[in-house]
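The sequence shown stops at residue 315 when you use the numbering used here, and every number in between is there.
Ideal Cβ positions, reconstructed from N, Cα and C, are used throughout, including at glycine.
Predicted model only: the values in this text are computed from it and were never measured.
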Amino acid sequence: MNKKDLIIRNCAEIINEDKIDSFMKKGIVYCGYECSGEIHLGHLVTILKLLDLQKAGIKVKVLLADWHTWLNQKGDWDFVNKQVKAWEKGFKSVGLNATIVKGTSFQKKPDYFEDILKMSLGLTVNRGVRAMQQVARDIDSAKISQIIYPLMQVEDVKKLGVNFVVSGTDQRKIYMMGLDEGSEIGLQEAVYLYTPLIPGLVGPGTKMSSSVANSFISIRDKKEDIKKKVNKAYCKPGDIKNNSILSIAKLIVFPKLEKLEIKRDKKFGGNLKFKSYEELENNFEEGKLHPADFKSAMIEAIEEVIAPIRKGWN
Numbered sequence: 002m003n004k005k006d007l008i009i010r011n012c013a014e015i016i017n018e019d020k021i022d023s024f025m026k027k028g029i030v031y032c033g034y035e036c037s038g039e040i041h042l043g044h045l046v047t048i049l050k051l052l053d054l055q056k057a058g059i060k061v062k063v064l065l066a067d068w069h070t071w072l073n074q075k076g077d078w079d080f081v082n083k084q085v086k087a088w089e090k091g092f093k094s095v096g097l098n099a100t101i102v103k104g105t106s107f108q109k110k111p112d113y114f115e116d117i118l119k120m121s122l123g124l125t126v127n128r129g130v131r132a133m134q135q136v137a138r139d140i141d142s143a144k145i146s147q148i149i150y151p152l153m154q155v156e157d158v159k160k161l162g163v164n165f166v167v168s169g170t171d172q173r174k175i176y177m178m179g180l181d182e183g184s185e186i187g188l189q190e191a192v193y194l195y196t197p198l199i200p201g202l203v204g205p206g207t208k209m210s211s212s213v214a215n216s217f218i219s220i221r222d223k224k225e226d227i228k229k230k231v232n233k234a235y236c237k238p239g240d241i242k243n244n245s246i247l248s249i250a251k252l253i254v255f256p257k258l259e260k261l262e263i264k265r266d267k268k269f270g271g272n273l274k275f276k277s278y279e280e281l282e283n284n285f286e287e288g289k290l291h292p293a294d295f296k297s298a299m300i301e302a303i304e305e306v307i308a309p310i311r312k313g314w315n
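Structure below.
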């Protein structure tokens with residue numbers, strides 16, 4: 002796989018894709034993370050995308066967004082500071098050779114907030130709320146702090162000096178707002194790589210989130226925990242649209258392991274070995290692969306991905 006294919010694989014959407022080749026020469030990418038709860042497989046999707054860009058020769062920056070975490074009402078400063086330390090340890094265990102930046106290390110400077118105020122002049126309150134719809138806690142009772150949040154996220158792109166941005170699709174409205182208002186602050190051009198969200202293990206209509214019990218698999222989960230969660234997960238036969246286990250296979254297992262082996266008795270068709278996600282999906286949709294056999298294989302695959310990360314964390 003060439004460098005560009007690595008960069009674009011498994012993206013739900015790419016903005017400014019035509020700039021990839023020219024930006025690769027002196028590429029810097031960042032992804033920002035609120036530091037609350039466990040690092041889980043949902044986060045691992047963007048982390049693996051950062052690893053793809055790293056393999057393509059692009060420098061990586063990880064923003065541990067402590068101020069954003071506080072503004073989005075995820076906890077007090079004592080909680081946030083403890084979380085930042087835990088997340089920094091977690092990121093060092095995943096194999097990223099990244100520059101880790103804490104938000105408050107640069108966000109308190111006067112010129113940072115001057116740009117925030119410049120952008121605020123051109124934006125309505127409704128636009129700010131819409132930008133946060135998939136990100137904010139309790140958006141129906143949004144606080145002013147949660148409208149400042151997306152403006153800061155746009156300014157982060159400028160101040161970190163990046164030309165690639167990685168995020169989940171839930172962040173899309175924030176960055177699109179930035180593209181509309183960026184000229185006010187001299188925002189540089191960048192390629193925006195949006196990765197899909199993994200549905201929550203509990204079923205359709207949810208996303209994997211540490212704030213929703215039993216919806217996520219942590220990078221610190223032991224194999225027995227993974228087994229319990231996967232076996233309980235929604236995985237309706239033939240359903241390829243709202244299937245968290247299939248999403249984990251597509252976005253984590255195949256990019257990391259490049260295969261999936263199904264072990265089953267000969268009377269049920271014998272063992273299977275899939276070398277591509279597309280092949281797996283077709284077999285599952287056509288009913289050639291039972292959810293129970295699929296889940297058994299995924300438990301082993303997820304453990305293979307997580308085990309070295311868990312070891313590095315501990």
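| Reference N17, options W71, Y31, V95, V166, closest by Cα | Counted from its first residue, the sequence shown places residue 17 at position 16. Nearest option by C-alpha distance: V166.
| Which value, in whole angstroms, describes the spacing of the CA atoms of Y235 and S210? | The residue you call residue 235 lines up with position 234 of the sequence shown. The residue you call residue 210 lines up with position 209 of the sequence shown. If you take the alpha carbons of Y235 and S210, they lie about 15 Å apart.
| query | When DSSP labels each residue in this structure, what does E262 get in the three-state scheme? | reply | Looking up residue 262 in the sequence shown gives position 261. Three-state result, E262: strand.
| message | Between which two residues does the beta strand (DSSP E) holding V30 run? | response | For this step, residue 30 is matched to residue 29 along the sequence shown. Counting along the chain, the beta strand (DSSP E) containing V30 begins and ends at 29 to 34.
| field | Three-way DSSP call (helix, strand, coil) for H41 in this model | value | If you number the sequence shown from 1, residue 41 lands on position 40. In the structure shown, H41 sits in a strand (DSSP, three-state: E or B).
| field | For G313, the three-state DSSP class (helix, strand or coil) | value | Stepping through the sequence shown from its first residue, residue 313 is reached at position 312. It is helical.
| task | Pull up the distance between the alpha-carbon of K103 and that of W78, whole angstroms please. | result | Position 102 of the sequence shown holds residue 103. Position 77 of the sequence shown holds residue 78. Approximately 14 Å, taken between the alpha carbons.
| query | Using 8 Å as the threshold, is the segment 287 to 300 in touch with the segment 61 to 68, meaning 3 or more CB pairs across them? | reply | no
| Of the residues E185, K50, L64, which one's Cα is nearest the Cα of S106? | Taking the first residue of the sequence shown as 1, we reach residue 106 at position 105. Here the closest residue by C-alpha is L64.
| request: Counting only the same chain and skipping the five closest in sequence on each side, list residues whose C-beta sits under 8 Å from that of D53. | output: Residue mapping note: residue 53 aligns to position 52 of the sequence shown, counting from 1. L7, I8, R10, P256, listed in sequence order.
| message | Measuring alpha carbon to alpha carbon, tell me which residue in D157, I148, V30, K86 is nearest K62. | response | Here residue 62 refers to the residue found at position 61 of the sequence shown. The candidate whose alpha carbon is nearest that of K62 is V30.
| The beta strand (DSSP E) enclosing L194, as first and last residue numbers | Start at 1 with the first residue of the sequence shown, and residue 194 comes out as number 193. For L194, the enclosing beta strand (DSSP E) starts and ends at 192 to 196.
| message | For a test of your reading of the model: does the CB of K229 fall under 7 Å from any non-hydrogen atom of the ligand ZN? Yes or no. | response | The model on display carries no ligand, and the ligand ZN is accordingly not part of it.
| task | Would you be able to state if there are at least three C-beta pairs under 8 Å between the segment 217 to 237 and the segment 258 to 269? | result | no
| said: Looking at the secondary structure, which residues open and close the beta strand (DSSP E) in which G169 lies? | reply: Walking along the sequence shown from the start, residue 169 turns up at place 168. For G169, the uninterrupted beta strand (DSSP E) run begins and ends at 165 to 169, by DSSP.
| message | According to DSSP, simplified to helix, strand and coil, what is K223? | response | Residue 223 sits at position 222 when you count from the first residue of the sequence shown. Three-state DSSP puts K223 in coil, outside helix and strand.
| message | Please identify the residue among K20, S248, G28, E14 whose C-alpha is closest to the C-alpha of G162. | response | Along the sequence shown, read from residue 1 onward, the residue named residue 162 stands at position 161. When each option's Cα is compared against that of G162, the closest is G28.
| Assumed close pair C36, Q84 - CB separation to whole angstroms, cut-off 8 Å | Sequence index remark: in the sequence shown, residue 36 carries index 35 (1-based). Sequence index remark: in the sequence shown, residue 84 carries index 83 (1-based). Cβ atoms of C36 and Q84 come within 8 Å of each other, at about 4 Å.
| query | In chain order, what residues of the same chain lie with their CB nearer than 8 Å to the CB of V213, ignoring the 5 residues before and after it? | reply | Counting from 1 along the sequence shown, the entry for residue 213 is found at position 212. So the list reads G201, V203, T207, once near-sequence residues are dropped.
| task | Sort P111, K93, L124 by Cα distance to L180 and report the nearest one. | result | In the sequence shown, counting from the first residue as 1, residue 180 sits at position 179. Comparing Cα-Cα distances from L180 to each of P111, K93, L124, the minimum goes to L124.
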